[in-house]
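> Residue numbers (the numbering used here), protein chains in the order written: chain A, 1 to 187; chain B, 1 to 187. Yeah, the Cβ is synthetic: ideal placement off N, Cα and C, and Gly gets one too. In this text the structure is predicted, and so the values were computed from the model without any measurement. I am attaching a structure below and will ask some questions about it afterwards.
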């Protein structure tokens, strides 16, 4: 796993010990002992995670594509915008185009970067590049094995109802939805 | 650490083995071996994390309060809306009011739940309850030790510039910003 970190010389980054208690498939855990300016020492737990992409795909009629999938970590089936992990050396925009074809069978003619966001900077390196995808054309790539996902298209009003009901519980998906709502001129 | 999970009987949740390779301060790691309907077995890594709250605090003049703090995991100092972890047995709304007093020295007269969002449901249980806080009154509670945070108030135009420049890189903060932009009737 390659994680590119921004190097700082922050006075709060006085690491006196660093250990890797777990190295796994999609995450590694690093535990740093940090000495603060006050003299006290504390540990900081870091979950190393690959960068990811997520795509708000909107068609010419305002339809937005969500995937419903079972998420083991939270033991629930939830709606999310299409997303995926960036492979080593892959351009995030290429990941975005590839994942859209794998997950919803559409290739974006236009891909606009909305933002780069850390999903939870208090403990993990995971960074998601969020895209707006448009000018969608049919183009299906095979899905990963054991991905059991259902794709659904929502019109603006349907999506508003879904969000207001609390059915959308994924951070990146809510961020994308509010972004779109702001762009459409408010809800 | 108490994590409340929604129980499902999802056919994709056939856990044949479960291990805890790391139990730490703010996270535990659980590794499950899952047998899929296809017959294949895969591992699923889960980072157990306490629930959190985050607050978009807006004063009567449209000023929004952000805290700038060094985040060890990403080795960078970033702007975020005030946030904190929910203590065992604590009502998230109480956490929100407490953290606002600790971090920005203001107590909300009104607290409106915007959404509950999983920060990254692919691998972690962390759920953030996002609030809109208003009718702010001066009320300072002491900060946690070794919290080196700076508070800054941004007017709507200043915040727009900050987001457009890419300086806001925290997921919950961007979600809150877009939510506010949509409510204000678009950017």
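In angstroms with no decimal places, state the Cα-to-Cα distance between residue 20 of chain A and residue 71 of chain A.
Here residue 20 of chain A refers to the residue found at position 20 when the first chain is read from its first residue. Here residue 71 of chain A refers to the residue found at position 71 when the first chain is read from its first residue. One C-alpha to the other measures close to 26 Å.
> Please confirm if residue 10 of chain A has its CB atom under 7 Å from at least one CB of chain B.
Within the first chain, numbered from 1, the residue matching residue 10 of chain A stands at position 10. At least one chain B Cβ lies under 7 Å of residue 10 of chain A.
> Exposed or buried, which one is residue 164 of chain B when buried takes at least 16 other CB atoms within 10 Å?
On the second chain, position 164 is the one that residue 164 of chain B refers to. Under this definition residue 164 of chain B is an exposed residue.
> Terminal residues of the continuous beta strand (DSSP E) containing residue 59 of chain A?
In the first chain, residue 59 of chain A corresponds to position 59, counting from 1. Where residue 59 of chain A is concerned, there is no enclosing beta strand (DSSP E), given that its DSSP letter is neither H nor E.
> Could you check whether the Cβ of residue 55 of chain A sits closer than 7 Å to any Cβ belonging to chain B?
Position 55 of the first chain, counted from the start, is the residue given in the question as residue 55 of chain A. For residue 55 of chain A, no CB of chain B lies under 7 Å from its own CB, so it is not counted at the interface with that chain.
> Just the chain A side, please: which residues come within less than 9 Å of residue 135 of chain B by C-beta, in chain order?
On the second chain, position 135 is the one that residue 135 of chain B refers to. Near residue 135 of chain B there are no residues of chain A at all, since even the closest Cβ is about 22 Å away, more than 9 Å.
> Classify residue 5 of chain A as buried or exposed, calling it buried when 16 or more other Cβ atoms lie within 10 Å of its own Cβ.
Locating residue 5 of chain A in the first chain gives position 5, counting from the first residue. Caution is warranted here: a pLDDT of 46 is assigned to residue 5 of chain A, below 50, making its placement in the model unreliable, and the coordinate value is therefore given only provisionally. Exposed is the label assigned to residue 5 of chain A, since fewer than 16 other Cβ atoms lie within 10 Å of its Cβ.
> Go to residue 92 of chain B, then tell me how far its beta strand (DSSP E) extends in each direction, as first and last residue.
Here the question's residue 92 of chain B lines up with position 92 in the second chain. That residue, residue 92 of chain B, is in no beta strand (DSSP E); its alpha helix (DSSP H) goes 92-103.
> With respect to the alpha helix (DSSP H) encompassing residue 164 of chain A, which residues constitute its N-terminal and C-terminal limits?
If you number the first chain from 1, residue 164 of chain A lands on position 164. Run containing residue 164 of chain A: 156-164, per the alpha helix (DSSP H) assignment.
> Please confirm whether residue 84 of chain B has its beta-carbon closer than 7 Å to some beta-carbon of chain A.
Locating residue 84 of chain B in the second chain gives position 84, where the first residue counts as 1. Judged by the 7 Å Cβ criterion, residue 84 of chain B is not in contact with chain A.
> Can you tell me whether residue 173 of chain B is helix, strand or coil according to DSSP?
Counted from its first residue, the second chain places residue 173 of chain B at position 173. The DSSP-derived three-state label of residue 173 of chain B is helix.
> If you check the beta carbons only, do residue 116 of chain B and residue 82 of chain B fall under 7 Å apart?
Numbered from 1 along the second chain, position 116 holds the residue referred to as residue 116 of chain B. Numbered from 1 along the second chain, position 82 holds the residue referred to as residue 82 of chain B. Their beta carbons are not under 7 Å apart, which means residue 116 of chain B does not touch residue 82 of chain B by this criterion.
> Buried or exposed for residue 139 of chain B, going by 16 or more other Cβ atoms inside 10 Å?
The residue you call residue 139 of chain B lines up with position 139 of the second chain. With fewer than 16 Cβ atoms within 10 Å of its Cβ, residue 139 of chain B is classed as exposed.
> Go through its chain and collect everything with a Cβ distance to residue 101 of chain B's Cβ below 8 Å, but skip five positions before and after it.
Locating residue 101 of chain B in the second chain gives position 101, where the first residue counts as 1. Cβ within range, chain order: 107, 139, 140, 141.
> What are the residues of the region 104-129 of chain A that lie near chain B, defined by any Cβ-Cβ distance shorter than 9 Å?
114, 115, 116, 117, 118, 119, 120, 121, 122, 123, 124, 125, 126, 127, 128
> Looking at chain A, which residues of the region 21-32 of chain B have a Cβ within less than 8 Å of any of its Cβ atoms?
When CB distances to chain A are screened at a threshold of 8 Å, the residues of the region 21-32 of chain B falling below it are 21, 22, 24, 25, 26, 27, 29, 31, 32, in chain order.
> Determine the closest residue to residue 69 of chain B out of B/62, B/128, B/152, B/111, with distance taken between C-alpha atoms.
The count along the second chain starts at 1 and reaches residue 69 of chain B at position 69. With distances taken between Cα atoms, residue 69 of chain B lies closest to B/152.
> Given a threshold of 16 other Cβ atoms within 10 Å of its Cβ, counted over all protein chains shown, does residue 188 of chain B qualify as buried or as exposed?
Lying before the first or after the last residue shown, residue 188 of chain B is absent from chain B, which here runs from 1 to 187.
> Is the beta carbon of residue 54 of chain A less than 7 Å from the beta carbon of residue 178 of chain B?
If you number the first chain from 1, residue 54 of chain A lands on position 54. If you number the second chain from 1, residue 178 of chain B lands on position 178. Contact flag unset, no.
> Does the separation of the CB atoms of residue 16 of chain B and residue 29 of chain B fall below 7 Å?
Locating residue 16 of chain B in the second chain gives position 16, where the first residue counts as 1. Locating residue 29 of chain B in the second chain gives position 29, where the first residue counts as 1. No. Outside cutoff.
> Please list the partners that residue 96 of chain B has in chain A, where partner means a Cβ-to-Cβ separation under 7 Å.
If you number the second chain from 1, residue 96 of chain B lands on position 96. Neighbours of residue 96 of chain B on chain A: none; closest Cβ ~16 Å, over 7 Å.
> For residue 187 of chain A, which residues from the same chain have a beta carbon less than 7 Å from its beta carbon, with the 5 sequence-adjacent residues on both sides left out?
Sequence index remark: in the first chain, residue 187 of chain A carries index 187 (1-based). Annotation note: pLDDT 49 at residue 187 of chain A (below 50); position unreliable, coordinate value reported separately. Once the five neighbours on either side are set aside, the close Cβ partners of residue 187 of chain A are 160, 181.
> Tell me which residues of the region 58-86 of chain B have at least one Cβ-Cβ distance to chain A shorter than 7 Å, keeping chain order.
70, 71, 72, 73, 74, 75, 76, 77, 78
> Anything in chain B within Cβ reach of residue 160 of chain A, meaning under 8 Å, just list it in chain order.
Against the first chain, residue 160 of chain A aligns to sequence position 160. Per Cβ cutoff of 8 Å: no residues; residue 160 of chain A is ~10 Å from chain B at best.
> Check the Cβ of residue 132 of chain A against every Cβ in chain B and list those closer than 8 Å, keeping chain order.
On the first chain, residue 132 of chain A is found 132 positions in, with the first residue counted as 1. Within 8 Å of the CB of residue 132 of chain A, no CB atom of chain B is found; the nearest one sits about 12 Å away.
> Using DSSP with H/G/I as helix, E/B as strand and the rest coil, what is residue 70 of chain A?
What you label residue 70 of chain A is simply residue 70 of the first chain in a count that begins at 1. The answer is strand: DSSP assigns residue 70 of chain A an E or B state.
> Between residue 58 of chain A and the rest of its own chain, which residues show a CB-CB distance below 6 Å, the 5 nearest in sequence each way excluded?
Translated into positions along the first chain, residue 58 of chain A becomes position 58. Excluding sequence neighbours, residue 58 of chain A sits near 64, 134.
> If you draw a straight line from the alpha carbon of residue 79 of chain A to that of residue 39 of chain A, how long is it in whole angstroms?
Within the first chain, residue 79 of chain A is the residue found at index 79, counting from 1. Within the first chain, residue 39 of chain A is the residue found at index 39, counting from 1. Cα-Cα distance, rounded: 46 Å.
> Compute every distance between the C-beta of residue 70 of chain A and the non-hydrogen atoms of the ligand HEM, then say whether any falls below 6 Å.
For the ligand HEM, the structure offers nothing, since it holds no ligand at all.
> When the cut-off is 7 Å and only beta carbons count, does residue 171 of chain A lie next to chain B?
For the purposes of this step, residue 171 of chain A is taken as residue 171 along the first chain, with counting starting at 1. Yes, residue 171 of chain A counts as interfacial toward chain B.
> Which of the three DSSP states, helix, strand or coil, is assigned to residue 132 of chain A?
In the first chain, the residue the question calls residue 132 of chain A occupies position 132. If DSSP states are grouped into helix, strand and coil, residue 132 of chain A belongs with the strands.
> Whole angstroms are fine: how far does the CA of residue 27 of chain A sit from the CA of residue 1 of chain B?
Counting from one through the second chain, the residue named residue 1 of chain B turns up at place 1. Counting from one through the first chain, the residue named residue 27 of chain A turns up at place 27. Note that residue 1 of chain B has pLDDT 39, beneath the 50 cutoff, so the model's placement of it is unreliable and no number is given.
> Short check: CB of residue 176 of chain B to CB of residue 125 of chain A, under 7 Å?
For the purposes of this step, residue 176 of chain B is taken as residue 176 along the second chain, with counting starting at 1. For the purposes of this step, residue 125 of chain A is taken as residue 125 along the first chain, with counting starting at 1. It is not a contact, given that the beta carbons lie outside the stated cut-off.
> Please report how far the alpha carbon of residue 122 of chain A lies from the alpha carbon of residue 166 of chain B, in whole angstroms.
Residue mapping note: residue 122 of chain A aligns to position 122 of the first chain, counting from 1. Residue mapping note: residue 166 of chain B aligns to position 166 of the second chain, counting from 1. Cα to Cα, the separation comes out at about 19 Å.
> Between which residues of its own chain and residue 84 of chain A is the CB-CB distance below 7 Å, once the five residues before and five after are set aside?
Counted from its first residue, the first chain places residue 84 of chain A at position 84. Result list for residue 84 of chain A: 52, 53, 95, 99, in chain order.
> Taking DSSP as the reference, what is the three-state secondary structure of residue 167 of chain B?
The residue labelled residue 167 of chain B in the question sits at position 167 within the second chain. Reduced to three states, the DSSP call for residue 167 of chain B is coil.
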